Amino acid sequence: MLRKMIKLTILKVKVFRIKRESPNMVFGKNFKLDFSTEINVGANKLIIGDNVYLRSQREGYHAGMPFPAAILIDKNGGECSIGDNCRINGAYIHAQEKIHIGRNTLIAAGVNIIDSNGHNIISSDRTKGRDKPKEIFIGDNVWIGLNAIILKGTVIGSNSVVAAGSVVKGNFPDNVLIQGNPAVIVKKLEVKNENCYSS
C-alpha cells in the first residue's frame, strides 16, 4: 500500500512538472503515464483527451517495448492532439508542424510517428537543416501495429489498421488494412460497430 502511494505521488509530481514547463498543454480526465514516459513540448500546444494512457512499462505488455512512450514538439508553433480513450504503448511521436491522433486509437510499441524527414532528400541540401514538415492526420479507432513508421503528410482514415512493420506515407481512406514497405491497401474492412472488424 505504501509503495503504491509513493508511486502515485511521484507520478503526480512528474505531471505537475510537465504542466509547469509546458503552459500550452491540456490533459483530460484520467490521463495516465509511466515513470519513464517522456513529454517535451516547451511552449508548444499539446492536447490530450480523457482516458489516455502513455505506457512505457514492459510488464504485462504482450510484446517487446524497445523504448518508452515519448511526445516531442521541438519547433515553435508545432502542435499535437490525442483524442479520448487512446492507448499509446512505447511509441515515439515527434511533431514539428501538426500531428492529430483520433479517439479510441491503439498504437503498439516501437511505432514512430514523425511529421518531418529530418533532412532534405537532395544531397546538396542535406546538411543545411531540416526539411519542411507536413501534417499527419490519424482518424478515430485506428490500430497501428508494432514497429510501424508513419511518415510526414500521411492521412489514415478512421477504423483502419496498419500492419506491424509497415512504412506508411500517403492518403488512406476509412476502413482499410494497410501493410508493407511502402504500405499499400491490402484489404477493405467491414466495420460491424465502432470497435469490431470483419474482413
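The sequence shown begins at 155 in this note's numbering and counts up by one.
The beta-carbon is built from N, C-alpha and C at its ideal position, and this holds for glycine as well.
Note that this is a predicted model, so its numbers are computed, not measured.
Whole angstroms are fine: how far does the CA of residue j sit from the CA of residue i?
i      : j      : result
Ile268 : Ser210 : 19 Å
Pro327 : Val340 : 12 Å
Ile298 : Met179 : 24 Å
Gln333 : Val316 : 6 Å
Ser366 : Ile253 : Outside the shown range of the chain, which is 155 to 353, sits residue 366, and nothing can be said about it.
Ala262 : Ala245 : 7 Å
Asn301 : Thr308 : 16 Å
Tyr351 : Leu226 : Summary for Tyr351: the model assigns pLDDT 47, below 50, so the residue's position carries little reliability, and this model does not support an answer.
Asp204 : Ala318 : 26 Å
Buried or exposed for residue i, going by 16 or more other Cβ atoms inside 10 Å?
i      : result
Glu251 : buried
Gly218 : exposed
Lys342 : exposed
Glu233 : buried
Pro220 : exposed
Asn382 : Past the boundaries of the shown model lies residue 382; the chain is included only from 155 to 353, so the question cannot be answered.
According to DSSP, what are the bridge partners of residue i?
i      : result
Asn325 : Val309
Met179 : Leu200
Ala337 : Gly334
Ala224 : Glu192, Tyr246
Please return the same chain residues whose Cβ sits closer than 6 Å to the Cβ of residue i, not counting the five positions on each side in sequence.
i      : result
Leu187 : Leu208
Lys229 : Gln250
Alpha helix (DSSP H) segments (min. 4 residues) lying fully within the stretch 243-304: Note on the stretch 243-304: there is no whole alpha helix (DSSP H) run with a minimum of 4 residues.
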